Amino acid sequence: MLNAKLKEIVEEIHNSELRAKVGDFLENPTFSLDGKLYTGPSFEASPGGLAHHHTYQGGYVEHVWATWKIAVALCDVAEQVYGGKVDRDLVAAGVLLHDIFKPVTYTMNEKGEFASSPLADYLDHISLATAELVRRNFPAELVHIVAAHYGSYGPIRPRTIEALVVHLADNVDSQLNGQVLDAAWYLTRKATGEGLAKMNSKEAFEVVRAKANEGWNGVQTTVDKINQERKSQKT
Ligand SMILES: [Fe+2]
Ligand SMILES: [Fe+2]
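Below, the structure written as structure tokens:
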């Protein structure tokens, strides 16, 4: 069963052929190379990154969902303010598939800790997805969106409005999430001396808000509260 949030985005694809192809790929996001089949953690378990953003369980789906919301806002601006035309089917498919092979570049142990997978020693998630999209005969416009989603830092810069929208949305969400995680880590370390490890987005936003509303005492209280909640979830 495909994750409900991802499914909601799939349903935004009006072209039935493209929708079916994207759906099929999402149902079976494995990569085979040299006779070996590689699978990663599920979309629900996977983080969206190991170091900079969405570094916790569930981060992958959160990132795709947030990227979609930002991409829709960018499509609205492109069309309603600038009078451009955006193919929203391609944007939805691009958002859904841009990081589809991030999970295969991760491993997860019994404690729920993530690390880089053996496949990641050979190829990055963009090369993997580009190769698989070509193998599955996806349209060139969609392969381009995925290949160009790192903007100037990737193998090719965005050359269509759809690729630009996905790149910008991806970038904005990575920064929104990553910078709040960084700020929360800094604040909890300053308030408690050791900091609160492995915060998720909800916890990090709560910490930053507590500092703005109640100062350092608020940070301390929030850290205590989060630690209590974590303990009660374990038991
Ligand atoms: Fe990516
Ligand atoms: Fe991404």
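Residues in the sequence shown are numbered consecutively from 247, following the numbering used here.
Glycine included, each C-beta is placed from N, C-alpha and C at the ideal position.
Model, not experiment: these values are computed from the prediction.
According to DSSP, residues forming a beta bridge with residue i
i, result
"residue 354", "360"
"residue 278", "283"
Cβ neighbour criterion (16 or more within 10 Å) applied to residue i
i, result
"residue 248", "exposed"
"residue 327", "exposed"
"residue 315", "exposed"
"residue 471", "exposed"
"residue 427", "buried"
"residue 368", "exposed"
"residue 282", "exposed"
"residue 473", "exposed"
"residue 457", "buried"
"residue 408", "buried"
"residue 350", "buried"
"residue 313", "buried"
"residue 366", "buried"
"residue 301", "buried"
"residue 250", "exposed"
Residue i to residue j span [Cα, whole Å]
i, j, result
"residue 423", "residue 448", "10 Å"
"residue 391", "residue 307", "19 Å"
"residue 257", "residue 418", "24 Å"
"residue 468", "residue 444", "15 Å"
"residue 371", "residue 405", "20 Å"
"residue 438", "residue 309", "29 Å"
"residue 347", "residue 385", "18 Å"
"residue 322", "residue 331", "10 Å"
"residue 451", "residue 297", "18 Å"
"residue 466", "residue 305", "25 Å"
"residue 395", "residue 337", "11 Å"
"residue 261", "residue 381", "20 Å"
"residue 291", "residue 446", "13 Å"
"residue 263", "residue 352", "30 Å"
"residue 435", "residue 429", "10 Å"
"residue 254", "residue 285", "24 Å"
Closer than 7 Å: residue i CB and nearest ligand 2 heavy atom
i, result
"residue 416", "yes"
"residue 344", "yes"
"residue 413", "no"
"residue 309", "yes"
"residue 262", "no"
"residue 313", "yes"
"residue 292", "no"
"residue 420", "yes"
beta-carbon residue i near ligand 1 non-hydrogen atom, thresh 7 Å
i, result
"residue 371", "yes"
"residue 390", "no"
"residue 395", "yes"
Any non-hydrogen atom of ligand 3 within 7 Å of residue i CB
i, result
"residue 351", "For ligand 3, the structure offers nothing, since it holds only ligand 1 and ligand 2."
Review point. Pairing CB atoms from the region 366-380 with CB atoms from the region 319-337, are three or more of them under 8 Å?
Key: no
Check your understanding: Does the region 394-405 come close enough to the region 275-288 that 3 or more CB-CB pairs lie under 8 Å?
Key -> no
Practice item. Take every Cβ of the region 352-362, pair it with every Cβ of the region 256-270, and state whether three or more of those distances are shorter than 8 Å. Key: no
Exercise for review: Answer yes if the region 331-351 comes into contact with the region 454-465, meaning at least three C-beta pairs across the two stretches below 8 Å, and no otherwise.
Suggested key: no
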